[in-house]
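There are 2 protein chains.
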Amino acid sequence: MTDYLVRFDSHPEPIEVQTGALLVEAARRGGVEIRQPCGGQGRCGRCAVLIESGQVRRRSVLRLSKADLEAGYALACQTVVEGDVAVVVPPAEQIQRRLTTDHVAPEAVVPEGYDPARVQTVRRILLELSAPSMDDQTDDWGRLCTALRRATGVTRLDTTLEQIRRLGPVLRASEWRIAVTIDTGRDPNGAAHLIRVEPATVAEGAPLCGLAIDVGTTTVTVWLIDLLTGRVQFQAGEYNGQISRGEDVISRIIYGSKNDGGEELRGLVLETINTLVDSACSRTGIDATAIAKATVSGNSTMMHLLLGIPPESIRLEPFITPINHMPPLRASDVGITMNADGIVDPLPGVASYVGADITAGVLSSGLRSSPETALFIDVGTNGEMVLGSSEWLVTCACSAGPAFEGAGVLHGMRADIGAIEEVWIDGRTYEPTSRVIGDVAPRGICGSGLISLVAEMFLTGILDKGGHINQTLATPRVRRGLHGAEYVLAWSKETETGDDIVITRVDIDNLLRAKAAIYAGFNVLADRVGVPLDSAERVLIGGSFGKYINVEKAVDIGLLPDMPWERFDFLGNTSVRGAYLALLDREARAEITEIASSMTYIELSADNSFYEAFTSALFLPHTDLSRFPSVAAAMT
Amino acid sequence: MTDYLVRFDSHPEPIEVQTGALLVEAARRGGVEIRQPCGGQGRCGRCAVLIESGQVRRRSVLRLSKADLEAGYALACQTVVEGDVAVVVPPAEQIQRRLTTDHVAPEAVVPEGYDPARVQTVRRILLELSAPSMDDQTDDWGRLCTALRRATGVTRLDTTLEQIRRLGPVLRASEWRIAVTIDTGRDPNGAAHLIRVEPATVAEGAPLCGLAIDVGTTTVTVWLIDLLTGRVQFQAGEYNGQISRGEDVISRIIYGSKNDGGEELRGLVLETINTLVDSACSRTGIDATAIAKATVSGNSTMMHLLLGIPPESIRLEPFITPINHMPPLRASDVGITMNADGIVDPLPGVASYVGADITAGVLSSGLRSSPETALFIDVGTNGEMVLGSSEWLVTCACSAGPAFEGAGVLHGMRADIGAIEEVWIDGRTYEPTSRVIGDVAPRGICGSGLISLVAEMFLTGILDKGGHINQTLATPRVRRGLHGAEYVLAWSKETETGDDIVITRVDIDNLLRAKAAIYAGFNVLADRVGVPLDSAERVLIGGSFGKYINVEKAVDIGLLPDMPWERFDFLGNTSVRGAYLALLDREARAEITEIASSMTYIELSADNSFYEAFTSALFLPHTDLSRFPSVAAAMT
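Which chain is which? The protein sequence lines are A and B, in order. Under the numbering used here, the residues of the first sequence are numbered 382 to 1017, in order. Under the numbering used here, the residues of the second sequence are numbered 382 to 1017, in order.
Here you go:
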């Protein structure tokens, strides 16, 4: 019994469904591939499709922006067919990559009260110049500068020889009616960078765009922004092409120090960025020359590698960055696909292990918006953290190791298709239940899965306080393996690889060291400023890691401090949002510089109290159980 | 009877001479070619040779600098052999080009009272940075900027990405003892351009050089300067490689407007400049990377062509320059052979036909050093002139046409070998005597020869006041030719070409128009500010043209105002000297900007009084003979 026909752009035949069917069911029936990393819970937003025509009902739109909805997007796993419909499955969803091109994340909303006229960094100003005459023989450049100064107050205009070469012909072709694009992001007091001069008739109605780029060690995120409105037009993420040359910053630096390694790494990350920009342009129909500016955030190593600056000294004691505050650069010098005269503004960092991703993160987290103490965390390979308020900021970085990114763990993997991302263990049978990204047979365990697994093992008594596996339990899942005691999370017959997926004692030691380093970092920050850690009124969690972890379980293992739920705030990719804010708003850009300049950096490797705090935190959840009252309660 | 042996490096056998012989005599005897453009008068300085060993006596050293003398140079035409000597004839003298590499002209002396420590534009500062430590993790760039600010007061440092890339390795290789080369030429108030960071041990004792470049329509002049002392190390001039694409600025602009003509012209002048720089480097043994800065002067068309800026609008009413005040540029963007990060500073111009050659000329002429009124003139294809004092400046340009450069005249030529450069006519026989550059059979007449010829023809009655040739005279030298009446300056048997060299009525008309335009320009300037022309206490004559003309004869034809001899000052190449001063001294550089900004430009083509003055000046010497009392006296 057929009620409706669903047509997918990628499928020759219409698919017959009954009223009430979900789009994913129609797709499954027709063999149309739509990725559902969260298993159809409407949580990840990655199954967004475009409804070209027909009636549907969206059960959840949590992961869709207003712009997405207006454009006609719907989550295939949450959308009910209520008529004959035509659906476009965005191509990015059909490939085995973590492109997230099809929705605007909540962190990408235009900041409240954003007033382009007042704070815009990149401005396109229409100027009607008086034509020269025998009575006014002012040179072209002088004429431009004078008119611009009168219109905007800009007194100093940085330009390039190439721009001067093009000026005269453009002025005359436009009959002295021009649009001048300038960037005043760095100096609100009258200095600007000239980006483009074009005939006013060409500029009218033409797009004016910018890029916010976050260069992560693992993932590169690019947002394309309409600078006229501030709206995010397109978001995409992609593995950093450098991954094959080392998974963490240290191995990248080592690779980059050999022969032409630095140039190779620069080329790889540029390729990643430019692939994302290309897809942004082709998906939005925007020409790359319309992209006038890019702000870039990332950790200090990523920033240096992108710019081709040798980063060796970051790795070697005393851990020095070549440059924390970069001058604005021209796009042609950096190599990003955009207007060649456009400005690339690398955001400032603080130290070798507290980079622009953290200053941008602090900006976007709102940490400085209140005099109340708050804690900002970005956990990845390193755990960077900032304690502070509108009055003061103190920061440190713990080299937690890559355990939470799945490295240094036997069956660890990145949060990709086939990764176990959440685990529940039955307290009587010790049998686990898992959720796997992509709803497929598991290949390994990712960071959030490991936190979840260790917490469950601890709360069910499989692990003791010291992280030792209890080998006396009546379950075949606890056994001795090659690496000592281990727990079997999935039997070979259930896995994609055909091998058992286990967690070993060595893995657990690594995870404990990682979580202890992070928790010890919190302690050092609080001690340094003389406040108790729980005086933090808010815990602001940035980074992609924060997007997926279960706070309760992270508290259970002593990774995050034991605080009321409502104090935790998951902010998603705070680094790219910070870059976005700095792209839009020159006051935000000035604030990032202020953040980078005013933050007190504590070098943990030179701090004895860190080692003490670290040792105390090597237990589950901590030596001092009074710090974790909710966990103590759950253990009883 | 042999007294001494003279060995020339270019000749296999020693040449035997007697005591008292001149070096040129020894050369002639052995067939060694040494150019003597002034005919052996010690006037042009172009026969300079290097005395490697042996005793000589220099009769005149007028055209040799102190540095030349110290290096062992002597003028072959003025040097007496007083022992066995070994002589090197610089290769530049053996080729048919106007290279003037072998002497330092008087205009190239270090300015009196020059104090590098106070006014130097390019500075190399030795800095001993504190090494970073776990207690001081300041980034490399911040460390450099802070140390530099403390040492020099520089608060803003313009750099390039490439320089930042190189910084870390240099700091560490030098063990934090570095030499930093910066240019503060444009902004004495704290902004500087970074040129080079190198280990202090490498910089110590190493040369630090600059270039002063004058790009003339006809000739390009390059000076290599030791910036540590301010001394000119090397001077060379060469025809502008663009000459084959048009002799005057208008034809260059037209050529440059076609297809890739602009790029071709840019390449040609760069080739000329770089050939000169190469010879400067090879002759002085200096590496081009030691050249940290170049200042460039030239007329507006030459400046724009060198920088690849389309100059079309200069030629078309209302005659607009694309840019008068260029920002400082990096050498790699301009294409001059020097340190790629070095600064190229194009000096500012005033208008399409009053360029940087004139602002630089005014600077070096000292026009502004006194409250007395003075007149500055630079006559070439165009006649540019400035009337002014320390208080005010007014300028104009007359398109005199290229007659004084030998074009538009039947047997005109540039001031090169074979050009008649001075003429005397016997008042009874009308027979001429001529001096020819290079003392060879004549090929044509150059500008100074034409002035001399017209003056002599006028004073001997061959020409009347109106410039008409008196055809009733009893001499075969006055005859009717293809172009009407003409005067034969050299018979075919005396000339290199085998043709008669004549001056025709058409030629004389062209010359009268040229001189009338220039004199009319003087009048317009004086009228505009309401002073009589003879209130000018000094007449400062710049440009290569001024080097060769005979003032008395220029007054005779009404080209220059009739003033006492002592008011005239021949300053040589004031444009390159201005560039030299601006290279050395940031106060001089600031003064050029002030000159360019404060000069009042009068557009003659929009000025009716110019046409009246021009018409009155079309006579010999002028309609109003009372303006030329000395000529009136000579005519009686």
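Don't be surprised by glycine CBs; every beta carbon is placed ideally from N, CA and C.
Check                                                                                                                                                                              : Outcome
From residue 793 of chain A to residue 901 of chain A, what does the alpha carbon distance come to, in whole angstroms?                                                            : 24 Å
Counting only C-beta atoms, is residue 483 of chain B closer than 8 Å to chain A at any point?                                                                                     : The predicted position of residue 483 of chain B is uncertain, since its pLDDT is 37 and thus under 50; no value can be drawn from it.
Among A:614, A:944, A:723, which one has its Cα closest to the Cα of residue 449 of chain A?                                                                                       : A:614
Chain A partners of residue 984 of chain B, CB-CB under 8 Å?                                                                                                                       : 515, 518
Around the Cβ of residue 821 of chain B, are there at least 16 other Cβ atoms within 10 angstroms (buried) or fewer (exposed)?                                                     : exposed
For chain B, check one thing: does any of its Cβ atoms lie closer than 8 Å to the Cβ of residue 546 of chain A?                                                                    : yes
Can you tell me whether DSSP reads residue 482 of chain B as helix, strand or coil?                                                                                                : Only weak support is given to the placement of residue 482 of chain B: the predicted model assigns it a pLDDT of 37, under 50, and the question is left unresolved by the model.
Go ahead and pull the three-state DSSP assignment for residue 707 of chain A.                                                                                                      : coil
List the residues of chain B that residue 557 of chain A touches, going by C-beta distances under 8 Å, in chain order.                                                             : Near residue 557 of chain A there are no residues of chain B at all, since even the closest Cβ is about 11 Å away, more than 8 Å.
Measuring straight from C-alpha to C-alpha, what distance separates residue 734 of chain B and residue 960 of chain B?                                                             : 18 Å
With a cut-off of 8 Å, does the C-beta of residue 714 of chain A fall near any C-beta of chain B?                                                                                  : yes
For the segment 667-680 of chain B, which residues have a CB atom closer than 7 Å to at least one CB atom of chain A, in sequence order?                                           : none
Answer with buried or exposed for residue 766 of chain A, where buried requires no fewer than 16 other C-beta atoms within 10 angstroms of its C-beta.                             : buried
Output needed for residue 335 of chain A: all residues of its chain with C-beta closer than 7 Å, excluding positions within five of it in sequence on either side, in chain order. : Outside the modelled stretch of chain A, which goes from 382 to 1017, sits residue 335 of chain A, for which no answer is possible.
Would you verify that the beta carbon of residue 549 of chain A is, or is not, closer than 8 Å to some beta carbon of chain B?                                                     : yes
On the criterion of 16 or more Cβ atoms from any shown chain inside 10 Å, does residue 872 of chain A qualify as buried, or is it exposed?                                         : exposed
Please classify residue 863 of chain A as buried or exposed, where buried requires at least 16 other C-beta atoms within 10 Å of its C-beta.                                       : exposed
Just the Cα atoms here: how many angstroms apart are residue 1012 of chain A and residue 1001 of chain A?                                                                          : 10 Å
Runs of 3 residues minimum, wholly inside the segment 726-766 of chain A: which ones carry the beta strand (DSSP E) assignment?                                                    : 755-760
Ordered along the chain, which non-local residues of its own chain (more than five positions away) have a Cβ less than 7 Å from that of residue 912 of chain A?                    : 754
Quick one: what does DSSP say residue 855 of chain B is sitting in, helix, strand or coil?                                                                                         : coil
Against chain B, does residue 722 of chain A count as a neighbour if the rule is that its beta carbon must be under 8 Å from one of theirs?                                        : no
Near residue 888 of chain A, which residues of its chain fall below 7 Å by C-beta distance, leaving aside the five closest residues on each side in sequence?                      : 790, 791
I'd like to know if residue 987 of chain B contacts chain A, where contact means its C-beta is closer than 8 Å to some C-beta of that chain.                                       : yes
Name the chain B residues that come within less than 9 Å of residue 1079 of chain A, Cβ to Cβ?                                                                                     : With chain A running from 382 to 1017 in the structure shown, residue 1079 of chain A is simply not present.
Scan the segment 577-655 of chain B and note each continuous alpha helix (DSSP H) run of 4 residues or more that stays entirely inside, going in chain order.                      : 581-584, 630-638
State yes or no: is the beta carbon of residue 974 of chain B nearer than 8 Å to at least one beta carbon in chain A?                                                              : no
Which stretch, first to last residue, makes up the alpha helix (DSSP H) that contains residue 992 of chain B?                                                                      : 989-997
Could you compute how far the alpha carbon of residue 840 of chain B sits from the alpha carbon of residue 1016 of chain B?                                                        : 6 Å
Check whether the Cβ of residue 997 of chain B lies closer than 8 Å to any Cβ atom in chain A.                                                                                     : no
At a Cβ threshold of 8 Å, is residue 690 of chain A touching chain B?                                                                                                              : yes
For residue 888 of chain A, report the span of its alpha helix (DSSP H) as first-last.                                                                                             : 886-910
Helix or strand or just coil, what does DSSP make of residue 815 of chain A?                                                                                                       : strand
Residue range of the alpha helix (DSSP H) that residue 829 of chain A falls in?                                                                                                    : 828-840
Where do the N-terminal and C-terminal ends of the beta strand (DSSP E) with residue 675 of chain A fall, by residue?                                                              : 672-679
In this structure, does DSSP put residue 785 of chain A in helix, strand or coil?                                                                                                  : helix
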